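These notes are about the structure you will find just below.
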Amino acid sequence: MNVSTSLYNNLSLSKRLEPCYILQPIGYYFLFIWIVGTSLNAYVLYMFIRHKNLRQSSTNIFICGLILANFIEACFDIPLPTIALIGCRWIFTYVGCVIDAIIGYFSGCSNMYMLCFISIDRYLVVTRSLSTSVITVKRAYIIIICGYLLALFWTLLPVIGWSSYDYEGVGASCSIKWEERSLNVISYNITIFIFVYLIPVIIIIITNISTYKVVHEHRRRTSINLDEFRCQRQYLIERRVTFTIILIISGYMLAWTPYAIMSFICAFIDAEYFPPIFGTIPALFAKTSVVWNPLIYVVRNGNIRHYLPFRRTSRSIERSKTSDPTRCSNYPFSTVQLPLTSTLSSRQV
1 MNVSTSLYNN LSLSKRLEPC YILQPIGYYF LFIWIVGTSL NAYVLYMFIR HKNLRQSSTN
61 IFICGLILAN FIEACFDIPL PTIALIGCRW IFTYVGCVID AIIGYFSGCS NMYMLCFISI
121 DRYLVVTRSL STSVITVKRA YIIIICGYLL ALFWTLLPVI GWSSYDYEGV GASCSIKWEE
181 RSLNVISYNI TIFIFVYLIP VIIIIITNIS TYKVVHEHRR RTSINLDEFR CQRQYLIERR
241 VTFTIILIIS GYMLAWTPYA IMSFICAFID AEYFPPIFGT IPALFAKTSV VWNPLIYVVR
301 NGNIRHYLPF RRTSRSIERS KTSDPTRCSN YPFSTVQLPL TSTLSSRQV
């Protein structure tokens with residue numbers, strides 16, 4: 001960012017953005033996301049720290065990495081746009097704009113890579129009887145660190161000169177500069193669109209569809225050898241996995257695709273016919289992922305849900321009523337102990 005632009009941004013600190021009757025409802029919605037996202041992700045991180053059993057599988061380690069990225073975004077990135085929207089003005093100078101963009105962009109990139117790691121890990125869990133490589137807990141930590149470093153790499157490039165950060169939408173938040181048509185900016189935008197959005201989407205879709213096919217094929221081959229009760233339990237797992245796959249893909253696409261489309265329009269198509277608010281609404285949807293991700297990847301995971309207070313009470317009642325209680329499965333998102341393959345037993349490091 002050159003000196004004149006920086007000076008302009010500092011001289012227009014109190015410039016009103018859009019009419020308050022438009023901005024404030026969005027701001028209060030951001031306030032809701034800020035409170036709920038920070039509280040939910042903080043509580044889940046607390047459970048991971050307190051309960052060692054939650055850190056015994058690679059799947060849960062990747063979930064922990066995802067939740068940490070969500071917590072950073074919810075706690076440190078959302079407050080600045082929230083205050084700006086409610087106050088109908090940006091008061092944090094251009095330095096605050098860059099800080100907001102760095103935190104949000106780093107969290108978003110980390111979030112996407114964690115989703116990919118979880119999808120790949122789930123696929124390996126289901127098919128590991130045919131795979132010679134298994135992601136151990138130690139490897140999971142290393143992979144997470146690599147994901148964070150890769151996200152940091154993309155985040156720091158605009159700081160050192162490849163593209164730059166700038167205000168977006170109504171001016172209540174900051175992100176990558178999309179509108180400029182210089183080679184410096186366009187080359188960076190194309191690169192991150194491929195490596196930060198397109199490739200992660202392809203990986204998530206392919207791995208989850210493949211996971212479902214493996215589960216479905218196994219059920220078809222083994223249903224004859226299972227009694228009616230066990231077949232029903234197996235079908236329960238398959239149905240839950242299918243629904244979770246739909247939530248994974250739909251949640252990811254719903255959260256980030258509107259923002260990606262609007263950014264693509266700003267980067268490669270003339271966006272002057274769109275009002276500034278169209279640049280803020282997609283960012284709102286993207287930031288809601290800090291709430292959706294814990295709900296999808298944690299609340300539907302039997303292992304983690306087992307440690308929720310109301311679940312512990314419920315499970316105690318259930319165990320007192322049956323002589324054959326079922327435990328939480330190490331298979332992600334399942335609620336019963338029935339293995340999907342002969343090798344899907346407890347994962348040990």
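According to the UniProt record's numbering, the residues represented by the sequence shown are 1 to 349, in order.
Beta carbons: idealized from backbone N, C-alpha and C, even for Gly.
Model, not experiment: these values are computed from the prediction.
Inset, instruction - Please work out which residues of its chain come closer than 7 Å, Cβ to Cβ, to F278, disregarding the five sequence neighbours upstream and downstream, and give them in chain order. - result: Short of 7 Å from the beta carbon of F278, and not among the five residues preceding or following it, lie these beta carbons of its own chain, in chain order: M262.
Inset, instruction - Could you pull the start and end residues of the beta strand (DSSP E) that D166 belongs to? - result: Boundaries of the beta strand (DSSP E) around D166: Y165 to E168.
Inset, instruction - With a 10 Å radius around its C-beta and 16 neighbouring C-beta atoms as the bar for buried, classify T322 as buried or exposed. - result: At T322, the pLDDT of 48 sits below 50, so the modelled position is not reliable; the number obtained from the coordinates is stated separately. When all chains shown are included, T322 counts as exposed.
Inset, instruction - Answer with buried or exposed for Y259, where buried requires no fewer than 16 other C-beta atoms within 10 angstroms of its C-beta. - result: Result: buried.
Inset, instruction - Tell me, please, which residues DSSP counts as bridged to S175. - result: S175 pairs with D166.
Inset, instruction - Give the range of the alpha helix (DSSP H) segment to which A74 is assigned. - result: Note, A74: premise wrong, no alpha helix (DSSP H); not H, not E.
Legend entry - the stretch 171-180 in contact with the stretch 92-102 per 3-pair CB rule at 8 Å: Three or more Cβ pairs closer than 8 Å define a contact, and the stretch 171-180 meets that threshold against the stretch 92-102.
Inset, instruction - Give the secondary structure of R181 by DSSP, where H, G and I count as helix, E and B as strand, and everything else as coil. - result: It is coil, neither helix nor strand.
Inset, instruction - Report the three-state DSSP secondary structure of R89 (helix, strand or coil). - result: Strand at R89.
Legend entry - Exposure of R19, with buried meaning 16 or more beta-carbon neighbours within 10 Å: A small correction: the amino acid at residue 19 is Pro; Arg does not occupy that position in the sequence shown. Counting Cβ neighbours within 10 Å, P19 comes out exposed, since fewer than 16 surround it.
Legend entry - Same chain only: Cβ atoms within 7 Å of I204, ignoring 5 sequence neighbours per side: In chain order, L115, C116, S119, I248, I249 and Y252 place their CB closer than 7 Å to the CB of I204, counting only its own chain and leaving out the 5 sequence neighbours on each side.
Legend entry - Span separating the alpha-carbon of L138 from that of Y94: The identity of residue 138 in the sequence shown is Lys, whereas the question assumes Leu. C-alpha separation (whole angstroms): 40 Å.
Legend entry - I135 - DSSP class collapsed to helix/strand/coil: Looking at I135 - three-state DSSP - the assignment turns out to be coil, as it is neither helix nor strand.
Legend entry - Within 8 Å, strictly: CB atoms of C266 and W178: With respect to the 8 Å criterion, C266 and W178 are classified as neighbours on the basis of their beta carbons.
Inset, instruction - Taking only the alpha-carbon atoms, compute the straight-line gap between W90 and D166 and give it to the nearest angstrom. - result: Straight-line measurement puts the Cα of D166 at about 13 Å from the Cα of W90.
Legend entry - 8 Å Cβ cutoff met for A69 and S39: Not in contact: A69 and S39 (Cβ atoms no closer than 8 Å).
Legend entry - For S57, the three-state DSSP class (helix, strand or coil): It is coil, neither helix nor strand.
Inset, instruction - Might you give, ordered along the chain, the residues of its own chain that have their beta carbon closer than 6 Å to the beta carbon of F48, omitting 5 neighbours on each side? - result: Excluding sequence neighbours, F48 sits near L54 and C64.
Inset, instruction - Step through the CB atoms of chain B and report whether any lies within less than 8 Å of the CB of T257. - result: Judged by its chain identifiers, the structure shown contains no chain B, having just a single protein chain.
Inset, instruction - Go ahead and label P25 buried or exposed: buried means 16 or more other beta carbons lie within 10 angstroms of its beta carbon, across all protein chains shown. - result: Residue environment analysis places P25 among the exposed positions, since fewer than 16 neighbouring C-beta atoms fall within 10 angstroms of its C-beta.
Inset, instruction - Could you work out which residue in V290, V36, I296 and N208 is closest to V125 when comparing CA atoms only? - result: When C-alpha distances from V125 are compared across V290, V36, I296 and N208, the shortest belongs to N208.
Legend entry - Local conformation of P81 per DSSP, three classes: In the structure shown, P81 falls within a helical segment according to DSSP collapsed to helix, strand and coil.
Inset, instruction - Please name the residue in P158, K287 and L85 whose C-alpha comes closest to that of Y28. - result: Just measuring C-alpha positions, the residue of P158, K287 and L85 sitting nearest Y28 is L85.
Inset, instruction - Following the continuous alpha helix (DSSP H) through T280, name the residue where it begins and the one where it ends. - result: From DSSP, the alpha helix (DSSP H) with T280 extends over I277 to K287.
Inset, instruction - Name the two residues that bound the continuous alpha helix (DSSP H) containing Y28. - result: Element bounds for Y28: C20 to R50.
Legend entry - Cα-Cα separation between E217 and V290, rounded to whole angstroms: Here the C-alpha atom of E217 lies approximately 34 Å from the C-alpha atom of V290.
Legend entry - F243 - DSSP class collapsed to helix/strand/coil: Residue state, collapsed to three classes: helix.
Inset, instruction - Measure from the alpha carbon of S107 to the alpha carbon of each residue in I83, E73 and A140, then state which is nearest. - result: Here the closest residue by C-alpha is E73.
Inset, instruction - Identify, in the order they occur along the chain, each residue of the same chain with its Cβ nearer than 8 Å to the Cβ of F195, setting aside the five sequence neighbours on each side. - result: Short of 8 Å from the beta carbon of F195, and not among the five residues preceding or following it, lie these beta carbons of its own chain, in chain order: W154.
Legend entry - Whole-angstrom distance between Y212 and K52, CA atom to CA atom: If I take the Cα positions, the gap works out to 30 Å.
Legend entry - For Y123 and L284, the rounded distance between their alpha carbons: Looking at the two C-alpha atoms, the distance is approximately 31 Å.
Inset, instruction - Work out the CA separation of W34 and A151 for me, nearest whole Å. - result: In a straight line, the C-alpha of A151 is about 22 Å away from that of W34.
Inset, instruction - Measure from the alpha carbon of S182 to the alpha carbon of each residue in C88, D77 and F268, then state which is nearest. - result: Looking at C88, D77 and F268, the one whose alpha-carbon comes closest to that of S182 is F268.
Inset, instruction - Use the C-beta contact count for R23: other C-beta atoms within 10 angstroms, 16 or more gives buried, fewer gives exposed. - result: Here residue 23 turns out to be Leu, not Arg, going by the sequence shown. Buried is the call here.
Inset, instruction - Would you mind stating whether P81 and F30 have Cβ atoms separated by less than 8 Å? - result: Yes, they are a contact pair.
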